[in-house]
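Let me begin by presenting the structure, written as structure tokens, before commenting on it.
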Amino acid sequence: MPPSQVTLGILAGGRATRLGGADKAWLERDGIAQVLRWQRRFAVETAAVIVSANQRLERYPQAELHAVADRVHGDIGPIAGLDALLAACTTPWLLTLPVDLVGVNDCLLPTLDSGRDRHGAFAIDDDGPQPLVALWNVAAAITATAAQIEAGATAVHALQAKLGMPGVRFAGVRFGNLNTPEDLRAAGIRHD
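Numbering (the numbering used here), first residue to last: 5 to 196.
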């Protein structure tokens with residue numbers, strides 16, 4: 005897929021309750037904030053980067069990032085961030101990643117692209133389905149996401165099932181997440 009066809013959407017709008025509300029986007033690993041790590045990693049594979057964020061929005065323009073807040077309020081989880089990213093996306097495809105991933109393999113986007121159907125695809129790593137690591141057809145997903153939110157069906161995997169999106173297996177790969185203080189310590193991140 006040519007870079008001009010895809011936008012990277014970083015999901016960074018969660019509450020991080022297990023980390024005392026820490027803003028995971030700006031947690032630094034090896035001196036690089038998580039959000040900047042993903043921006044740099046996909047710079048040559050995507051046309052643009054959008055961040056779904058609900059706190060410290062003033063930091064993003066300083067890092068030359070476009071941040072969008074949830075358009076739908078209430079405790080509905082990551083589908084609210086997906087909705088905001090889809091609404092702001094100007095390319096036909098959106099690659100989503102949670103900001104708290106530990107790592108991805110070098111061929112993430114090409115592998116999702118090769119395994120997608122007309123609506124996209126999501127990743128399955130050695131830990132199981134990773135519905136937020138996904139490639140979305142924006143035109144199809146924007147309508148389906150709004151309908152799911154309206155119906156109160158806010159699980160992202162349910163949205164993907166409704167769209168018939170296939171899972172793409174990444175054998176021998178673990179993306180990992182930075183959800184707990186133990187996860188941060190294992191990744192070498194200091195959190196006070």
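Think of the CB as a built atom: it goes at the ideal place given N, C-alpha and C, for glycine as much as any other residue.
From the options, residue whose alpha carbon lies closest to that of residue i
| i | options | result |
| --- | --- | --- |
| Leu116 | Leu105, Asp131, Thr100 | Thr100 |
| Asp121 | Trp140, Arg178, Leu112, Leu105 | Trp140 |
| Val108 | Ala16, Arg45, Gly35 | Arg45 |
| Val142 | Cys93, Lys166, Ile54, Val48 | Cys93 |
| Gln164 | Val76, Ala144, Ala88 | Ala144 |
| Glu32 | Gly81, Val106, Ile153 | Val106 |
| Tyr64 | Pro7, Ala151, Asn181, Asp27 | Asp27 |
| Arg41 | Asn58, Ala51, Leu69, Pro96 | Leu69 |
| Thr50 | Ala138, Ala162, Pro6, Glu62 | Pro6 |
| Gly13 | Asp129, Met169, Pro114, Pro102 | Pro102 |
| Ala52 | Thr95, Cys111, Ala151 | Thr95 |
| Asp131 | Gly156, Ala151, Asn181 | Asn181 |
| Gly78 | Ile54, Met169, Gln66, Gly156 | Gly156 |
Three-state secondary structure (DSSP) of residue i
| i | result |
| --- | --- |
| Pro102 | strand |
| Thr95 | coil |
| Val160 | helix |
| Gln38 | helix |
| Arg173 | strand |
| Leu112 | helix |
| Ile80 | coil |
| Leu23 | Legend: pLDDT at Leu23 = 46, less than 50; position of this residue unreliable, value from coordinates given subsequently. Helix, per DSSP. |
| Asp129 | strand |
| Leu86 | helix |
| Val10 | strand |
Bridge partner(s) assigned by DSSP for residue i
| i | result |
| --- | --- |
| Glu32 | Ala37 |
| Ser56 | Leu15, Val72 |
| Leu46 | With the sequence shown as reference, residue 46 is identified as Phe, and Leu is not the correct amino acid for it. In DSSP, Phe46 forms no bridge with anything. |
| Ala138 | Thr100, Phe126 |
| Asp121 | Gly124 |
Beta carbon of residue i nearer than 7 Å to that of residue j
| i | j | result |
| --- | --- | --- |
| Ala125 | Val172 | yes |
| Gln38 | Ala47 | no |
| Thr149 | Leu86 | yes |
| Ala84 | Val72 | no |
| Ala88 | Ser118 | no |
| Leu136 | Leu15 | yes |
| Val160 | Pro82 | yes |
| Thr158 | Ile80 | yes |
| Ala127 | Phe174 | yes |
| Leu90 | His123 | no |
| Asp129 | Phe179 | yes |
| Asp34 | Asn58 | no |
Distance cut-off 6 Å: residue i Cβ against heavy atoms of the ligand PLP
| i | result |
| --- | --- |
| Met169 | This structure lacks the ligand PLP; in fact it carries no ligand of any kind. |
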